[in-house]
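Start counting at 1 in the sequence shown, then tack on 1, and there's your number in the numbering used here.
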Amino acid sequence: MAEISLGLSFDDVLLVPALSSVLPGEADLSTLVTSGIPLFLPVISAAMDTVSEHDLAIALAREGGMGVIHRACLIDEQVVMVSRVKRSENAVILKPHTVRKEDTVDYV
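Rendered as C-alpha coordinates:
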(Lines of atoms letter the chains of each structure in order from A and count residues from 1; the text may use other names and numbers.)
(Lines give C-alpha, C1' and ligand atoms only; values in the text may rest on other atoms or scores of the structure.)
Protein backbone atom coordinates (compact mmCIF):
# COMPACT_ATOMS: atom_id res chain seq x y z
CA MET A 1 0.00 0.00 0.00
CA ALA A 2 1.36 3.45 -0.93
CA GLU A 3 2.19 5.89 1.82
CA ILE A 4 0.15 9.09 1.86
CA SER A 5 2.31 12.17 2.31
CA LEU A 6 1.44 15.10 4.54
CA GLY A 7 -0.79 17.76 2.98
CA LEU A 8 -1.53 21.15 4.50
CA SER A 9 -4.24 23.75 3.90
CA PHE A 10 -4.40 27.43 4.82
CA ASP A 11 -5.85 26.63 8.26
CA ASP A 12 -2.90 24.35 9.05
CA VAL A 13 -0.18 26.97 8.62
CA LEU A 14 0.51 30.21 10.46
CA LEU A 15 3.29 32.49 9.28
CA VAL A 16 4.71 34.74 11.95
CA PRO A 17 6.05 38.03 10.54
CA ALA A 18 9.81 38.23 10.98
CA LEU A 19 12.99 39.32 9.21
CA SER A 20 14.10 36.82 6.59
CA SER A 21 17.41 36.24 4.85
CA VAL A 22 15.57 34.64 1.90
CA LEU A 23 14.44 36.94 -0.89
CA PRO A 24 10.96 36.23 -2.31
CA GLY A 25 12.42 35.38 -5.73
CA GLU A 26 14.70 32.77 -4.15
CA ALA A 27 11.89 30.80 -2.50
CA ASP A 28 10.97 27.53 -4.22
CA LEU A 29 7.23 26.93 -3.93
CA SER A 30 7.08 24.08 -6.43
CA THR A 31 5.33 20.82 -5.60
CA LEU A 32 3.93 17.76 -7.36
CA VAL A 33 0.20 17.20 -7.90
CA THR A 34 1.07 13.68 -9.07
CA SER A 35 4.37 12.04 -9.93
CA GLY A 36 4.18 13.52 -13.42
CA ILE A 37 2.45 16.88 -12.88
CA PRO A 38 4.51 19.62 -11.24
CA LEU A 39 3.13 22.93 -10.00
CA PHE A 40 5.48 25.86 -9.66
CA LEU A 41 2.91 27.89 -7.75
CA PRO A 42 1.03 25.70 -5.26
CA VAL A 43 -2.40 27.13 -6.07
CA ILE A 44 -5.32 25.12 -7.48
CA SER A 45 -8.62 26.88 -8.11
CA ALA A 46 -11.92 25.65 -6.73
CA ALA A 47 -14.08 23.78 -9.23
CA MET A 48 -16.99 26.22 -8.80
CA ASP A 49 -18.90 27.94 -11.60
CA THR A 50 -18.47 31.32 -9.88
CA VAL A 51 -14.71 30.81 -9.58
CA SER A 52 -13.13 28.68 -12.26
CA GLU A 53 -13.63 29.04 -15.98
CA HIS A 54 -11.11 29.28 -18.80
CA ASP A 55 -9.91 32.82 -17.97
CA LEU A 56 -8.80 31.89 -14.46
CA ALA A 57 -7.38 28.54 -15.60
CA ILE A 58 -5.24 30.34 -18.20
CA ALA A 59 -4.03 32.95 -15.69
CA LEU A 60 -3.13 30.31 -13.10
CA ALA A 61 -1.35 28.12 -15.66
CA ARG A 62 0.76 31.07 -16.81
CA GLU A 63 1.88 31.64 -13.21
CA GLY A 64 2.56 27.95 -12.51
CA GLY A 65 -0.71 27.00 -10.79
CA MET A 66 -3.68 24.94 -11.94
CA GLY A 67 -7.26 25.82 -12.76
CA VAL A 68 -10.02 23.24 -12.42
CA ILE A 69 -12.87 23.70 -14.90
CA HIS A 70 -16.23 23.38 -13.12
CA ARG A 71 -18.90 20.87 -14.14
CA ALA A 72 -21.94 23.15 -13.84
CA CYS A 73 -22.25 23.44 -17.61
CA LEU A 74 -22.76 21.21 -20.62
CA ILE A 75 -19.94 18.86 -21.62
CA ASP A 76 -19.58 20.76 -24.91
CA GLU A 77 -19.02 23.98 -22.96
CA GLN A 78 -16.39 22.25 -20.81
CA VAL A 79 -14.64 21.06 -23.97
CA VAL A 80 -14.57 24.63 -25.30
CA MET A 81 -13.13 25.95 -22.02
CA VAL A 82 -10.44 23.26 -21.87
CA SER A 83 -9.56 23.88 -25.53
CA ARG A 84 -9.15 27.60 -24.82
CA VAL A 85 -6.81 26.83 -21.93
CA LYS A 86 -4.77 24.36 -23.95
CA ARG A 87 -4.45 26.75 -26.92
CA SER A 88 -3.77 29.89 -24.90
CA GLU A 89 0.02 29.57 -25.08
CA ASN A 90 0.03 28.61 -28.74
CA ALA A 91 -1.64 31.70 -30.14
CA VAL A 92 -0.91 32.38 -33.78
CA ILE A 93 -0.59 35.97 -34.91
CA LEU A 94 -2.00 36.00 -38.44
CA LYS A 95 -0.75 39.46 -39.42
CA PRO A 96 2.23 40.29 -37.21
CA HIS A 97 3.68 43.79 -37.27
CA THR A 98 7.22 43.55 -38.57
CA VAL A 99 10.09 45.92 -39.23
CA ARG A 100 13.20 45.60 -41.33
CA LYS A 101 16.68 46.58 -40.26
CA GLU A 102 16.58 49.37 -42.87
CA ASP A 103 13.50 50.98 -41.27
CA THR A 104 14.14 54.10 -39.24
CA VAL A 105 12.87 54.60 -35.71
CA ASP A 106 10.76 57.44 -37.02
CA TYR A 107 9.13 55.10 -39.56
CA VAL A 108 8.49 52.42 -36.95
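No residue lacks a Cβ here, since even glycine has one placed at the ideal position from N, Cα and C.
The structure presented is a predicted model; accordingly, all values stated were derived computationally and were not measured.
Check                                                                                                                                 : Outcome
Could you tell me which of Arg-72, Lys-87, Ala-62, Val-86 sits nearest to Pro-39, measuring between CA atoms?                         : Ala-62
In its own chain, which residues sit with a C-beta less than 6 Å from the C-beta of Ile-59, not counting the 5 before and 5 after it? : Val-86, Ser-89
How would you write the range of the beta strand (DSSP E) that Leu-40 sits in, first residue to last?                                 : 38-40
So, with DSSP's three-state summary, where would you put Val-34?                                                                      : strand
Tell me, which residues are paired with Ile-59 by DSSP?                                                                               : None, per the DSSP bridge assignment.
Can you find at least 3 beta carbon pairs, one from the stretch 13-21 and one from the stretch 39-50, that sit closer than 8 Å?       : no
In the DSSP output, what is Ile-45 paired with across the bridge?                                                                     : Met-67
What does the alpha-carbon distance come out to for the pair Leu-30 and Val-81?                                                       : 31 Å
In whole angstroms, what is the alpha-carbon distance linking Asp-77 and Leu-33?                                                      : 29 Å
For the alpha helix (DSSP H) containing Val-86, name the first residue and the last one.                                              : 76-88
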